[in-house]
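Novice: Please see the structure below; I have some questions.
Chains as they are written, first to last, in the working numbering: chain A, 1 to 437; chain B, 1001 to 1437.
Okay, structure coming up:
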């Protein structure tokens, strides 16, 4: 059979990794795909820099339309990142009848509905395994491996930089700012780390996961997103004393019949959970489904070769299904927009959770009585409350509290009232608690 | 489109689970498969018992050939277990042009080569996700999710009963016999528990995993298999003191260029590893691959609904690819026997490992000198050696030793010489150590 020709948009670390993996494992890949796969073209921004890579048998161009319009190319791999011109180029490639593989989570999270609709119309495939959790085949696991199930919820460590920071804060007692600086020096975090530490990157990925798990449209704008920059070293320590670890999770959950929750925020999880033991830059996603129960997937969420692993797996999947009836192709790798369930996303005030609260208070009797009275008034049960000894006579004390399950809107009212107490001298730090069971 | 009709061979717990899952999630499954899937027929042994289940719209028969010969049935799901008549019926169904989904690990491990060759010839699919690690989509992950990679090794907790026994021995200080009795009472272990505790069940699954990971034929007879019945409570305790946990693993590994290792046996693994924290009846497989690095998959390895989850996912995959070119179908779900690499399986004497050794010795000076001299003579480096205090004057003492990496044949010679020492009063307990890194 004729080799399948692939054109790359972008030849950065993941693009180079993709070329390397396809060439290094060419023999096994040919066996698995049923025919050979050749990267023949790559569009780059900096021609001299790309030429210096000295990649053999690869036509380089600075004009990406050369690739999306080339009739010899069957699969376009988009690795440019960002929204534009990626969106325009992908839509043009689809219009030209090409299949798309992309690692671009922002593009899929924000423009996926439009892109999948165009692909559906043209009978081409759009694959994006590399957009979520790097090399972990999580999209495939949810869409195909768990296809017999109704997914109840999923929770994932889906930003490696954030997890690295929290792991270092816990294991080495370091401050958030100190670890962030190191992460930037190591190249984990961007120079502007906002997307990582404020949860935007995780929200992109959660948008995609939820869409596949629940069969709902991509709706990035409805994800509640809270970063990790407000996590203090003392919260890490107190969580540990209580038997918990703080992780930054993306959570998608069905709530009774009434809606779904989409949220990215720090979470206290019990130390014994597997997710609690996922350290450093690694990613992991836990999925609770009605037939199979809990399953968990773990691996590298970023990096040149790990991301290329997912890109190339998608290319192989596309090649495998090239001979199938176009009507059967689309649901295999992309969405069926027409069939998507119309389930509302709940506002964050309507989620139910347990909570960890920490506040500073005057070191005198009566503070705990004040706080517990407010919670009692709001109908919030307390699982544990701890008042630390003041460091010196008259110094302020830390009060730490674990609540039972309550609606977030009710907890917000309680926090407002606690912050209004004259004996409470700080804002209340609030971290949600998930038992993941 | 016409619904796809499925016939079941066997209507035990997994068969009933399969009917339930397909009916309960019919709407989502239809959306994912692109057409509806109906279980129309089931062959059972005990007609009155099956009729008592009161499953609507299901034709029951005690004659399985009614199903494999029925022209209205496209997919035969084999859930009888055992080798015969399962093998004959599956081959006959393939000959009739039907696709096969099976949860039968013994059948695939022992007769898979023959079955895949027959399927290849007929252009039908044979899917067997449920045969390994129950509901975890591990076959799909390795074959499709990691299809860009050269797999270097995999190691898995793939027998839930064995893992339950080892977890209880560690957490509750119980004896092997005591926990085994409970496992039998709970229905985890068979009345004859040999397949579970002697590693035969795990060896079936490892045979299948290795075949997919390395593209080699199924070769169950070459798997080195050692059970957990020789693990004593004191080994569990000493392992823990040294920072390890004992797990029963199936391991498949490429060894340089010269061959592959296929082995099932107890292993000491460092406590910090995720696999070390997989407890009770849960299963988990870790895969080390050249591009993506380590990935791990976790979930229920048995049970009616969890196994049905994998069975139904396979049925959906088969239905999705029904319209594809038969030439492209087979590699998607089964093997390509013609393309399989011809790599020898190494005898256990030729593997390299670290070792944990425990022996009883006379409580007098000089024993450690004798033992370390023998190891030194054999060129084996020692990482740690501990001699426990005798419980009373003149009582025997336990000597525990961790070696560095050495070829097993060399270690065997050393053990033989140690057992010949007059100061050593017991056989040497030997457990392999894997760092899994």
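Backbone N, C-alpha and C define an ideal beta-carbon position, used for all residues, glycine too.
1. Would you identify the three-state DSSP class for residue 1441/B, choosing helix, strand or coil?
2. Taking 8 Å as the CB-CB limit, is residue 147/A close to chain B?
3. In this structure, does DSSP put residue 59/A in helix, strand or coil?
4. Please name the residue in 42/A, 94/A, 202/A whose C-alpha comes closest to that of residue 127/A.
5. Closer than 8 Å between beta carbons: that is the criterion. Which residues of the segment 1029-1044 of chain B meet it against chain A?
6. With DSSP collapsed to three states, give me the class of residue 1402/B.
7. List, from N- to C-terminal side, the alpha helix (DSSP H) runs of 4 residues or more that fit wholly inside the segment 162-215 of chain A.
8. DSSP three-state call for residue 116/A: helix, strand or coil?
9. Compute the distance between the beta-carbons of residue 109/A and residue 218/A, then report whether it is under 8 Å.
10. Compute the distance between the beta-carbons of residue 433/A and residue 355/A, then report whether it is under 8 Å.
11. Mind reading off the beta-carbon distance from residue 260/A to residue 287/A? Whole number of angstroms is fine, and I expect it under 8 Å.
12. So that I know if they touch, is there some Cβ in chain B lying closer than 8 Å to that of residue 193/A?
13. Would you please verify whether the beta carbon of residue 14/A is less than 8 Å from any beta carbon of chain B?
14. Could you compute how far the alpha carbon of residue 1421/B sits from the alpha carbon of residue 1370/B?
15. Just the chain A side, please: which residues come within less than 9 Å of residue 1207/B by C-beta, in chain order?
16. Would you say residue 1034/B and residue 1320/B are within 8 Å of each other, going by their C-beta atoms?
17. My guess is that residue 39/A and residue 6/A are in contact by the Cβ rule of under 8 Å, so how many angstroms apart are they, rounded?
18. Buried or exposed for residue 1349/B, please, with buried defined as at least 16 other CB atoms from any protein chain shown within 10 angstroms of its CB.
19. Looking at the C-beta of residue 1300/B, does it have a partner C-beta in chain A at a distance below 8 Å?
20. Kindly indicate which residue of 1175/B, 1367/B, 1251/B, 1183/B has the alpha-carbon position closest to the one of residue 1234/B.
21. Can we say the segment 1167-1183 of chain B touches the segment 1150-1159 of chain B, given the rule of at least three CB pairs closer than 8 Å?
22. Taking the continuous beta strand (DSSP E) assigned at residue 282/A, which residues delimit it?
23. From the DSSP secondary-structure annotation, give me the bridge partner or partners of residue 1154/B.
24. Quick one: what does DSSP say residue 417/A is sitting in, helix, strand or coil?
25. Determine, for residue 25/A, whether the minimum Cβ-Cβ distance to residues of chain C falls below 8 Å.
26. Look up residue 1359/B in the DSSP assignment and say whether it is helix, strand or coil.
27. Counting only beta-carbon separations shorter than 8 Å, does residue 1436/B have a partner in chain A?
28. Please tell me whether residue 142/A and residue 208/A are closer than 8 Å, where the distance is taken between their beta carbons.
29. Shortest alpha-carbon distance to residue 1318/B belongs to which of 1138/B, 1124/B, 1358/B, 1425/B?
30. Taking its Cβ as the centre, do 16 or more other Cβ atoms sit within 10 Å of residue 1418/B, making it buried, or is it exposed?
31. Unbroken beta strand (DSSP E) runs of length 3 or more, entirely within the segment 1068-1125 of chain B: which are they?
32. In angstroms with no decimal places, state the Cα-to-Cα distance between residue 1016/B and residue 1115/B.
33. Residues of chain A with a CB under 8 Å from the CB of residue 1309/B: which are they?
34. Report the neighbours of residue 1297/B on chain A: residues whose CB is nearer than 7 Å to its CB, in chain order.
35. Is residue 155/A close to chain B? Criterion is C-beta to C-beta, closer than 8 Å.
36. Would residue 1285/B and residue 1162/B be called neighbours here (beta carbons separated by less than 8 Å)?
Specialist: Considering the structure as presented:
1. Residue 1441/B falls outside the range modelled here, since chain B spans only 1001 to 1437, and no answer is possible.
2. For the purposes of this step, residue 147/A is taken as residue 147 along the first chain, with counting starting at 1. Chain B contact via Cβ: present.
3. Along the first chain, read from residue 1 onward, the residue named residue 59/A stands at position 59. Strand, per DSSP.
4. Taking the first residue of the first chain as 1, we reach residue 127/A at position 127. Checked all of 42/A, 94/A, 202/A; the closest Cα to residue 127/A is 94/A.
5. 1029, 1031, 1032, 1033, 1034
6. Residue numbering aside, residue 1402/B sits at position 402 when the second chain is read from its first letter. Three-state result, residue 1402/B: strand.
7. 176-185, 194-197, 200-214
8. Reading the first chain from its first residue, position 116 is the one you call residue 116/A. Residue 116/A: helix per DSSP, three-state reduction.
9. Position 109 of the first chain, counted from the start, is the residue given in the question as residue 109/A. Position 218 of the first chain, counted from the start, is the residue given in the question as residue 218/A. Yes, the pair counts as a contact, with Cβ atoms nearer than the cut-off.
10. Mapped onto the first chain, residue 433/A falls at position 433. Mapped onto the first chain, residue 355/A falls at position 355. Contact: yes.
11. As a first step, residue 260/A is located in the first chain; it is residue number 260 there, counting from the start. As a first step, residue 287/A is located in the first chain; it is residue number 287 there, counting from the start. Going by Cβ atoms, the distance from residue 260/A to residue 287/A rounds to 14 Å, so no, they are not a contact pair.
12. Translated into the one-based positions of the first chain, residue 193/A becomes position 193. So, not an interface residue.
13. Locating residue 14/A in the first chain gives position 14, counting from the first residue. Cβ-Cβ to chain B under 8 Å: no for residue 14/A.
14. On the second chain, residue 1421/B is found 421 positions in, with the first residue counted as 1. On the second chain, residue 1370/B is found 370 positions in, with the first residue counted as 1. Looking at the two C-alpha atoms, the distance is approximately 8 Å.
15. Here residue 1207/B corresponds to residue number 207 of the second chain, with the count starting at 1. In chain order: nothing, as chain A lies at least about 20 Å away.
16. Locating residue 1034/B in the second chain gives position 34, counting from the first residue. Locating residue 1320/B in the second chain gives position 320, counting from the first residue. Against a cut-off of 8 Å, the Cβ pair of residue 1320/B and residue 1034/B comes out as a contact.
17. Counted from its first residue, the first chain places residue 39/A at position 39. Counted from its first residue, the first chain places residue 6/A at position 6. Sure, about 5 Å apart at Cβ, within 8 Å.
18. Position 349 of the second chain, counting from 1, holds the residue named residue 1349/B. An exposed status is given to residue 1349/B, since fewer than 16 other beta-carbon atoms sit within 10 Å of its beta-carbon.
19. As a first step, residue 1300/B is located in the second chain; it is residue number 300 there, counting from the start. With 8 Å as the cut-off, residue 1300/B counts as an interface residue toward chain A.
20. As a position in the second chain, residue 1234/B is number 234, starting the count at 1. The shortest C-alpha separation from residue 1234/B is found at 1175/B.
21. Output reads no: the segment 1150-1159 of chain B does not touch the segment 1167-1183 of chain B.
22. Residue mapping note: residue 282/A aligns to position 282 of the first chain, counting from 1. Run containing residue 282/A: 282-289, per the beta strand (DSSP E) assignment.
23. Counting from one through the second chain, the residue named residue 1154/B turns up at place 154. 1252/B, 1287/B, per the DSSP bridge assignment.
24. Indexing the first chain from 1 puts residue 417/A at position 417. In the displayed model, residue 417/A falls within a helix according to three-state DSSP.
25. No chain C is part of this structure, whose protein chains are labelled A and B.
26. If you number the second chain from 1, residue 1359/B lands on position 359. Three-state result, residue 1359/B: strand.
27. Along the second chain, read from residue 1 onward, the residue named residue 1436/B stands at position 436. Not an interface residue.
28. Here residue 142/A is taken as the residue at index 142 of the first chain, counted from 1. Here residue 208/A is taken as the residue at index 208 of the first chain, counted from 1. No, the Cβ-Cβ distance between residue 142/A and residue 208/A is not below 8 Å.
29. Mapped onto the second chain, residue 1318/B falls at position 318. Restricting attention to 1138/B, 1124/B, 1358/B, 1425/B, the CA atom closest to the CA of residue 1318/B is found in 1124/B.
30. Translated into the one-based positions of the second chain, residue 1418/B becomes position 418. Looking at its Cβ environment, which holds 16 or more other Cβ atoms inside 10 Å, residue 1418/B is buried.
31. If only complete runs of 3 or more residues are kept, the segment 1068-1125 of chain B shows the beta strand (DSSP E) at 1075-1078, 1099-1102, in order along the chain.
32. Along the second chain, one-based indexing puts residue 1016/B at 16. Along the second chain, one-based indexing puts residue 1115/B at 115. Approximately 25 Å between the Cα atoms of the pair.
33. Numbered from 1 along the second chain, position 309 holds the residue referred to as residue 1309/B. By Cβ distance, chain A contributes 146, 148, 149, 289, 291, 292.
34. Numbered from its first residue, the second chain carries residue 1297/B at position 297. By Cβ distance, chain A contributes 297.
35. Residue numbering aside, residue 155/A sits at position 155 when the first chain is read from its first letter. It does not; no Cβ of chain B falls within 8 Å.
36. On the second chain, position 285 is the one that residue 1285/B refers to. On the second chain, position 162 is the one that residue 1162/B refers to. Cβ distance not < 8 Å, so residue 1285/B and residue 1162/B don't count as in contact.
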